[in-house]
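Step one of this worksheet: look at the structure below.
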DNA sequence: TTGTAGGCGTTATCAT
DNA sequence: ATGATAACGCCTACAA
């Protein structure tokens, strides 16, 4: 920057001022400086700026699984919210291994990110509620997909229980008596809560909860397909006529497996998903699912974080769920 | 850091030395310092370290679409390669809008990333070959999915033409005469090259290339399904008995659409994909596809970049493709 | 072995 | 309006 100043015949501070625009600068010098900057296509070093300001303008996002459409949507929301700001997201991939998870967080912290978005952090070990509460005192923090007692206002959660209850009740209302459920990764709260909603709906309808009809998947399409295989292999002993999949990805996998076995949906088996993923209804119509505003969850989480950052008040809205029936489902 | 030194009764430099381990420090002082560090759980500021060293230990990754399984695999490779290093990836999302694409790159540059991985950059406007060559002179750079003349050694590409040729020839060898093709986003080289391989294989077999049988998709499942709908709607005028999908995601979409119309695969229509995506063969068996070592492409690209960074010699291996036939395809 | 001091690229506060 | 100058947090000669 001083080099630029030298070439333009001004001081380094003037260059800084031209760039920041905080203080008026004589038009001729202004022009001279911009000229030199242009020639050398100089860019101010954000890192050094950060040193001065005490911030990095980076938001850490601790996540898992970048290849999923679900996460992709959340990310779109996060990126969208930061679009016109100076902030930039930095992703760190957690894993199912708790220590790796913690290490990923440490990297973010060492980089002095200005705030953190925790995506469905594991509730074990060093990542327990207590730890996260402590973390929240050190820096602005938003948690997606997990409710931390005492930190409710900074947690983005979804009415998983209600959604699953709604979905299951809908299936029951259509006359089904034996309903299977493919869960997501159970240590992720969303999955556990959806399972609860499912079992509660069964109980409230006076139906029996059959453990053999509940298969744990991992939110991926493959696990959905595999779960169906397991269910079908037991079908003699544990018959069922409908499946409630813990998310749309598993619903897609399940649908493929059913198609493959030439089992009609919904004629032979009814299928309900969760998320209302982009395009799902096009790929596997007809589809009944629970709509979840994923994109907005990412967006709002980020906006709240930015508000936290600037000390502004904010409130995370409640994210509603909705039963969506695409085309005529014909659940029987 | 000086605060830590004060509390431990040593100078700030000694604290630095304890942390870096570059210079011996008296055991007692060492202990005292570590003690204080522990108490205040102090972490050195990587940003400030970067200022001194002139590097940020960040690798910029310009990408598009974080929600795709294909990109997820590349990313796994990138992350894996950086795992035991001090480097950390920073992602910036490009878009189909060239100016956005450029802006995403600028953010990375302003953050003074030490190196850049360009993921299938658009070959237009400011991102032309000339520009990228210039960029490569400024900082270590690896390009995935596009061949830049004069920069071949830093480009990770795949034998797309050969793979598509192989796939199409295989289908022809099974007796098909009218083969449809669903392409990926055509401004991405991979997609264009695969289309070339497809048309060349047809020509070499003396078959006619029918434009109406070539549908442009965008690598997503939905586009695969939609393409099939279009193809089927024209089937009277332009019949076909096989489909070569430009990637596995579109193959999945196509398969779903076919299943939905109760069109058997491979009895009625044969389907071949490209990528050998994780789990695909499980979800839609039997599947014939071209195997592409996606994970290793990300891994090797990153290792090469790190080598570039440290001035070590390196060579990007050729990434082979392979025709994979899962189970008995029964292409007729 | 340890402390002092200078510098990395900016911004902000002073004078001028 | 503009130029010095002091931070920001850390590393590293250099000196002791």
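Residue numbers (our numbering), protein chains in the order written: chain A, 6 to 337; chain B, 6 to 337. Quick reminder that beta carbons are idealized off the backbone N, C-alpha and C, glycines included.
Span of the beta strand (DSSP E) around residue i
i: residue 101 of chain B; result: That residue, residue 101 of chain B, is in no beta strand (DSSP E); it is neither H nor E in DSSP.
i: residue 212 of chain A; result: No beta strand (DSSP E) contains residue 212 of chain A, which DSSP labels as neither H nor E.
i: residue 125 of chain A; result: Where residue 125 of chain A is concerned, there is no enclosing beta strand (DSSP E), given that its DSSP letter is neither H nor E.
i: residue 280 of chain B; result: 275–280
i: residue 63 of chain A; result: 63–68
i: residue 146 of chain A; result: 146–149
i: residue 249 of chain B; result: 247–250
i: residue 5 of chain A; result: No information on residue 5 of chain A is available, as it lies outside the stretch 6 to 337 that chain A covers here.
Run of the alpha helix (DSSP H) containing residue i, from where it starts to where it stops
i: residue 191 of chain A; result: Unbroken run through residue 191 of chain A: none, as it is neither H nor E.
i: residue 253 of chain A; result: 253–265
i: residue 9 of chain A; result: 7–13
i: residue 308 of chain B; result: 299–314
i: residue 153 of chain A; result: Residue 153 of chain A -> no alpha helix (DSSP H), and no H or E assigned at all.
i: residue 19 of chain A; result: 17–25
i: residue 79 of chain A; result: 74–87
i: residue 39 of chain B; result: 32–44
Cβ distance (whole Å) where residue i is taken to contact residue j below 8 angstroms
i: residue 176 of chain A; j: residue 247 of chain A; result: 5 angstroms
i: residue 23 of chain A; j: residue 6 of chain A; result: Contact doesn't hold; Cβ gap of about 10 angstroms is too wide.
i: residue 182 of chain A; j: residue 212 of chain A; result: 6 angstroms
i: residue 103 of chain A; j: residue 129 of chain A; result: 5 angstroms
i: residue 226 of chain B; j: residue 198 of chain B; result: Actually they are not in contact, since the Cβ atoms of residue 226 of chain B and residue 198 of chain B sit about 22 angstroms apart, beyond 8 angstroms.
i: residue 113 of chain A; j: residue 148 of chain A; result: Their Cβ separation, rounded to whole angstroms, is 14 angstroms, which puts residue 113 of chain A and residue 148 of chain A out of contact at 8 angstroms.
i: residue 224 of chain A; j: residue 184 of chain A; result: No, residue 224 of chain A and residue 184 of chain A are not in contact; Cβ-Cβ is about 20 angstroms, not under 8 angstroms.
8 angstroms Cβ cutoff met for residue i and residue j
i: residue 304 of chain B; j: residue 145 of chain B; result: no
i: residue 256 of chain A; j: residue 278 of chain A; result: yes
i: residue 5 of chain B; j: residue 9 of chain B; result: Here chain B covers residues 6 to 337 and nothing more, so residue 5 of chain B does not appear.
i: residue 60 of chain B; j: residue 119 of chain B; result: yes
i: residue 196 of chain B; j: residue 51 of chain A; result: no
i: residue 82 of chain A; j: residue 301 of chain A; result: yes
i: residue 229 of chain A; j: residue 326 of chain A; result: no
i: residue 280 of chain B; j: residue 262 of chain B; result: no
i: residue 260 of chain B; j: residue 220 of chain B; result: no
i: residue 125 of chain A; j: residue 150 of chain A; result: yes
i: residue 190 of chain B; j: residue 200 of chain B; result: no
i: residue 161 of chain A; j: residue 306 of chain A; result: yes
i: residue 283 of chain B; j: residue 53 of chain A; result: no
Length of the line joining the Cα atoms of residue i and residue j
i: residue 163 of chain B; j: residue 173 of chain B; result: 17 angstroms
i: residue 291 of chain B; j: residue 170 of chain B; result: 21 angstroms
i: residue 68 of chain B; j: residue 244 of chain B; result: 38 angstroms
i: residue 94 of chain B; j: residue 214 of chain A; result: 46 angstroms
i: residue 330 of chain A; j: residue 252 of chain A; result: 15 angstroms
i: residue 72 of chain A; j: residue 74 of chain B; result: 4 angstroms
i: residue 18 of chain B; j: residue 106 of chain B; result: 43 angstroms
i: residue 63 of chain A; j: residue 92 of chain A; result: 5 angstroms
i: residue 324 of chain A; j: residue 298 of chain A; result: 7 angstroms
i: residue 265 of chain B; j: residue 85 of chain B; result: 39 angstroms
i: residue 275 of chain B; j: residue 205 of chain A; result: 45 angstroms
i: residue 44 of chain A; j: residue 240 of chain B; result: 58 angstroms
i: residue 159 of chain B; j: residue 99 of chain B; result: 20 angstroms
i: residue 271 of chain B; j: residue 328 of chain B; result: 17 angstroms
i: residue 186 of chain B; j: residue 192 of chain B; result: 16 angstroms
i: residue 14 of chain A; j: residue 202 of chain B; result: 58 angstroms
i: residue 179 of chain A; j: residue 210 of chain A; result: 12 angstroms
i: residue 33 of chain A; j: residue 311 of chain B; result: 44 angstroms
i: residue 133 of chain A; j: residue 152 of chain A; result: 11 angstroms
i: residue 337 of chain B; j: residue 258 of chain B; result: Confidence at residue 337 of chain B is low in this model, with a pLDDT of 31, below 50, so its placement is unreliable and the value that follows should be read with caution. Answer to the nearest angstrom: the Cα atoms are 22 angstroms apart.
i: residue 335 of chain A; j: residue 96 of chain B; result: Only weak support is given to the placement of residue 335 of chain A: the predicted model assigns it a pLDDT of 33, under 50, and the value that follows is read from those uncertain coordinates. Each residue's Cα considered, the two are about 44 angstroms apart.
i: residue 139 of chain B; j: residue 46 of chain A; result: 12 angstroms
i: residue 309 of chain A; j: residue 194 of chain A; result: 21 angstroms
i: residue 66 of chain A; j: residue 90 of chain A; result: 16 angstroms
i: residue 121 of chain A; j: residue 157 of chain A; result: 16 angstroms
i: residue 418 of chain A; j: residue 269 of chain B; result: Summary: the structure shown does not reach residue 418 of chain A, with chain A confined to residues 6 through 337, and so no result is reported for it.
Contact test: residue i Cβ vs the ligand ADP heavy atom, cutoff 7 angstroms
i: residue 82 of chain B; result: Here there are no bound small molecules, and the ligand ADP is not part of this structure.
Given a limit of 7 angstroms on CB to CB distance, which residues of the segment 72–92 of chain B reach chain A? Listed by position, the residues of the segment 72–92 of chain B near chain A (Cβ gap below 7 angstroms) are 72, 73, 74, 76, 77, 78, 80, 84.
Please list the residues of the segment 215–226 of chain A that have a C-beta atom closer than 9 angstroms to any C-beta atom in chain B, keeping them in chain order. Within the segment 215–226 of chain A, the residues whose Cβ lies closer than 9 angstroms to some Cβ of chain B are 225, 226, listed in chain order.
The segment 185–201 of chain A: positions lying closer than 9 angstroms to chain B by Cβ: Contact residues of the segment 185–201 of chain A toward chain B are absent (C-beta to C-beta distance below 9 angstroms).
Residues of the segment 276–301 of chain A with Cβ closer than 9 angstroms to any Cβ of chain B, in chain order: Answer set for the segment 276–301 of chain A: 283, 284, 285, 287, 288, 289, 290.
Under 7 angstroms, CB to CB, which of the residues in the segment 104–125 of chain A have a partner in chain B? Residues 112, 114, 115, 116, 117.
For the segment 39–56 of chain B, enumerate the residues whose C-beta is nearer than 9 angstroms to any C-beta of chain A, in chain order. When CB distances to chain A are screened at a threshold of 9 angstroms, the residues of the segment 39–56 of chain B falling below it are 48, 49, 50, 51, 52, 53, 55, 56, in chain order.
So if I threshold CB-CB distances at 7 angstroms, which residues from the segment 7–32 of chain B count as touching chain A? Under the 7 angstroms Cβ criterion, the segment 7–32 of chain B contributes no residue.
Chain-ordered residues of the segment 230–249 of chain A with a beta carbon less than 8 angstroms from chain B: Listed by position along the chain: 230, 231.
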